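Visitor:
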Amino acid sequence: THTGQPVDKNFINTSMMFDSTTTPAEYIEALLAFCAPNVFDTATESPFYTVRNAEALSIATQFFLGSANIYCVSHGFSTANFGRVLDDSPDLSTELAARVMTAQQQGLSIEDTLLDFVNAHRDTFQLRAALPPSSMDTIKTKFTEHYAEIKDSPHFDEFSVLETNKPGLFVTHQGSICMDFAELAKSPTLCIDSGFFQTIRDDYHVINQTGTIPHKNAHIAATVEVNLEALNETQLDDLLKNLPIKIRLQILKTIPALQVRMQLPDVLNHVARGEQAELELLLQSSPEAAQQLLLAAGAFTDYTGRTFNCTAYEYAYWAKDTHMCRMLEAHMDENTKAAMLVKVTAIDTVGLTYEQHGHVV
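Take any residue in the sequence shown, count from 1 to its spot, add 42: that is its number in this note's numbering.
#1: Looking only at its chain, what residues have a beta carbon closer than 6 Å to the beta carbon of THR155, apart from the 5 residues adjacent to it on each side?
#2: Taking 8 Å as the limit between beta carbons, can you name the residues of its chain near GLU137, skipping five residues before and five after?
#3: Restricting to Cα atoms, I'd like to know which of ALA78, MET382, THR121, ILE70 is closest to ALA358.
#4: Identify every run of the alpha helix (DSSP H) within the region 317-383, keeping only runs that are complete inside it and at least 4 residues long; order them along the chain.
#5: Would you kindly check if the distance between the Cβ of LEU336 and the Cβ of SER328 is under 8 Å?
#6: By DSSP's criteria, VAL402 is part of a beta bridge. Which residues make up the other side?
#7: Let me check understanding here. Comparing Cα to Cα, which of PHE60, GLU322, MET304 lies closest to HIS312?
#8: What residue range does the alpha helix (DSSP H) around ILE70 cover?
#9: How would you call MET221, buried or exposed, if buried means at least 16 neighbouring beta carbons within 10 angstroms?
#10: For ALA98 and PRO89, I'd like the C-alpha separation in whole angstroms.
#11: Of all the options PRO230, CYS233, GLU225, THR231, which has the alpha carbon lying nearest to the alpha carbon of GLN240?
#12: Taking the C-alpha atoms as reference points, what is the distance between ASN377 and GLY400?
#13: Report yes if the CB atom of SER109 is closer than 8 Å to the CB atom of PHE185, and no otherwise.
#14: Starting from PHE124, follow the alpha helix (DSSP H) in both directions and report where the run begins and ends.
#15: What are the boundary residues of the alpha helix (DSSP H) that includes THR144?
#16: Just mark GLU330 as buried or exposed, buried being the case when its beta carbon has 16 or more other beta carbons within 10 Å.
#17: What span of residues does the beta strand (DSSP E) with SER218 cover, start to end?
#18: Going by DSSP, which residues form a beta bridge with PHE159?
#19: By Cβ distance, which residues of its chain are closer than 8 Å to ALA466, with the 5 residues on each side in sequence left out?
#20: Distance, Cα to Cα, LEU157 vs SER195?
#21: With a threshold of 16 other CB atoms inside 10 Å of the CB of ASN269, please say whether the residue is buried or exposed.
#22: Count the other CB atoms, across all protein chains shown, that sit within 10 Å of the CB of GLN326; report buried if there are 16 or more and exposed otherwise.
#23: Using a 10 Å radius around the Cβ and a threshold of 16 neighbouring Cβ atoms, would you call GLN277 buried or exposed?
#24: Pick out whichever of PRO286, THR183, VAL392, HIS247 has its Cα sitting closest to the Cα of GLU87.
#25: Quick check on the burial criterion: 16 or more other C-beta atoms within 10 angstroms. Buried or exposed for PHE223?
#26: Please state the DSSP three-state secondary structure of ASN274.
#27: If distances are taken between C-alpha atoms only, which option among GLY125, PHE105, VAL115, LEU150 comes closest to GLU187?
#28: Does DSSP put ARG315 in a helix, in a strand, or in coil?
#29: Leaving out five residues on either side along the sequence, give the residues of the same chain with a beta carbon under 7 Å from the beta carbon of GLN47.
#30: Could you spell out where the alpha helix (DSSP H) holding ILE101 opens and where it closes?
#31: Am I right that LYS385 and GLU356 are in contact with their C-beta atoms under 8 Å? What's the rounded C-beta distance?
#32: Compute the beta-carbon to beta-carbon distance between PHE167 and ALA122, rounded to the nearest angstrom, for a pair I have assumed lies under 8 Å.
#33: How big is the Cα-Cα spacing for MET59 and TYR91?
Take a look at the structure:
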């Protein structure tokens, strides 16, 4: 485990509440779940080991020969269309079927049987040389990987296969043929190419060394530390609105200063509009931030177009909104009340400054 504890029978029994009635299969499943949970994301086996009927065997055979044909053409072994060669020769097709059936009955490797068949008829398949063991291994591996991706398809009549041994714009990723859309920005007809897109292309070429983008990228699951208090309001709003509501509320609850930043505009707008009930509900829902919200000043505009930069209570006091003042006072502690007394005393003396039509009053 990540704590250094060995995953043995006792550990599994305790974790899974297994007992004497637990089957070996259940133990194996639990062991894999603890020690190698993603093993079957990449581990594949040949479909020839699991086919149960003639149709499935025929489909797998055709797909394998198609894979071998693509490999031979892309690597310069042949220019022939293996399917057409077999269609044009009933005797050759009959021999192929007989070899496959014999291999299946005797428990032999059908993949090796098919490749031996191609090598045995190298002149018919226009091979410049017999396929060496290394090429045969590559063909078998790619066939197994590709078949695992299409085995659940509703139809098996046509597939596109990307040969990744040659450089190009296209890559494979999780069974799909993909490309970097930043390449499209290079088109002169779009007139959108820039240094930004070139940076994307450069980064893309760093990870695209094999023609296959890995399906597991460590940075996707990695954690990133974000100093939320360092973000401006626009950045913070963009971040929070894309988070689930529960996480958003959790962040606001655990960082009072952040909560004040996010809720202060609502507090000030409510008081400017005389929305006493809405403002009281907001203060009641955020008791841990209430004093900071009452003490914080911010810019807001009221119905008359006057822009103030003050606290909610200062505006309510200046506007002589007695009911709003009494409600706000009910949510103040003694320190906040003392601070507000200083502010309203100043209002009684010099008034409250605001801006309207470009003039400060």
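Glycine included, every Cβ here is placed at the ideal spot set by N, Cα and C. These numbers come from a predicted model, not from an experiment.
Guide: Quick look at the numbers:
#1: Here residue 155 refers to the residue found at position 113 of the sequence shown. Excluding residues within five positions, the ones whose Cβ falls inside 6 Å are ARG141, ALA145.
#2: Here residue 137 refers to the residue found at position 95 when the sequence shown is read from its first residue. These residues qualify, in order along the chain: PHE159.
#3: Looking up residue 358 in the sequence shown gives position 316. If we check each option's Cα against that of ALA358, MET382 comes out closest.
#4: 318-327, 332-337, 354-360, 364-372
#5: Taking the sequence shown and counting its residues from 1, one reaches residue 328 at position 286. Taking the sequence shown and counting its residues from 1, one reaches residue 336 at position 294. Contact flag unset, no.
#6: Start at 1 with the first residue of the sequence shown, and residue 402 comes out as number 360. In the DSSP output, where bridge partners are listed per residue, VAL402 has GLU397.
#7: In the sequence shown, counting from the first residue as 1, residue 312 sits at position 270. Selected option, being the one with the closest Cα: GLU322.
#8: Along the sequence shown, one-based indexing puts residue 70 at 28. Its alpha helix (DSSP H) spans residues 66-77.
#9: For the purposes of this step, residue 221 is identified with residue 179 of the sequence shown, where counting begins at 1. Exposed, by the Cβ-count rule.
#10: Stepping through the sequence shown from its first residue, residue 98 is reached at position 56. Stepping through the sequence shown from its first residue, residue 89 is reached at position 47. So the alpha carbons of these two residues sit roughly 9 Å apart.
#11: If you number the sequence shown from 1, residue 240 lands on position 198. Comparing Cα positions, the closest option is GLU225.
#12: Start at 1 with the first residue of the sequence shown, and residue 377 comes out as number 335. Start at 1 with the first residue of the sequence shown, and residue 400 comes out as number 358. Going by the C-alpha atoms only, they are around 36 Å apart.
#13: Here residue 109 corresponds to residue number 67 of the sequence shown, with the count starting at 1. Here residue 185 corresponds to residue number 143 of the sequence shown, with the count starting at 1. Yes, they are a contact pair.
#14: For this step, residue 124 is matched to residue 82 along the sequence shown. Where PHE124 is concerned, the enclosing alpha helix (DSSP H) stretches over 124-129.
#15: Taking the first residue of the sequence shown as position 1, residue 144 is located at position 102. THR144 -> alpha helix (DSSP H) spans 132-148.
#16: In the sequence shown, counting from the first residue as 1, residue 330 sits at position 288. GLU330 should be labelled exposed.
#17: Taking the sequence shown and counting its residues from 1, one reaches residue 218 at position 176. Segment 218-221, the beta strand (DSSP E) holding SER218.
#18: Mapped onto the sequence shown, residue 159 falls at position 117. PHE159 pairs with nothing; no bridge assigned.
#19: Outside the displayed span of the chain (43 to 403) sits residue 466, for which this structure offers no information.
#20: Numbered from its first residue, the sequence shown carries residue 157 at position 115. Numbered from its first residue, the sequence shown carries residue 195 at position 153. Straight-line Cα distance between these residues: approximately 25 Å.
#21: Translated into positions along the sequence shown, residue 269 becomes position 227. Exposed, by the Cβ-count rule.
#22: Along the sequence shown, read from residue 1 onward, the residue named residue 326 stands at position 284. By the neighbour-count rule (16 or more Cβ atoms within 10 Å), GLN326 is not buried but exposed.
#23: By 1-based counting over the sequence shown, the position of residue 277 is 235. GLN277 comes out exposed.
#24: Residue numbering aside, residue 87 sits at position 45 when the sequence shown is read from its first letter. Nearest of PRO286, THR183, VAL392, HIS247 to GLU87, Cα basis: THR183.
#25: Translated into positions along the sequence shown, residue 223 becomes position 181. Classification of PHE223: exposed, given that the 10 Å Cβ count is below 16.
#26: Numbered from 1 along the sequence shown, position 232 holds the residue referred to as residue 274. ASN274: coil per DSSP, three-state reduction.
#27: Locating residue 187 in the sequence shown gives position 145, where the first residue counts as 1. Closest by alpha carbon: PHE105.
#28: Mapped onto the sequence shown, residue 315 falls at position 273. Of the three classes helix, strand and coil, the one that applies to ARG315 here is helix, per DSSP.
#29: Residue 47 sits at position 5 when you count from the first residue of the sequence shown. These residues qualify, in order along the chain: PHE53.
#30: By one-based count along the sequence shown, residue 101 stands at place 59. Here the alpha helix (DSSP H) through ILE101 covers 96-116.
#31: In the sequence shown, residue 385 corresponds to position 343, counting from 1. In the sequence shown, residue 356 corresponds to position 314, counting from 1. Indeed they touch by this definition, with Cβ atoms about 5 Å apart.
#32: Indexing the sequence shown from 1 puts residue 167 at position 125. Indexing the sequence shown from 1 puts residue 122 at position 80. That pair is a contact at about 5 Å.
#33: By one-based count along the sequence shown, residue 59 stands at place 17. By one-based count along the sequence shown, residue 91 stands at place 49. Straight-line Cα distance between these residues: approximately 35 Å.
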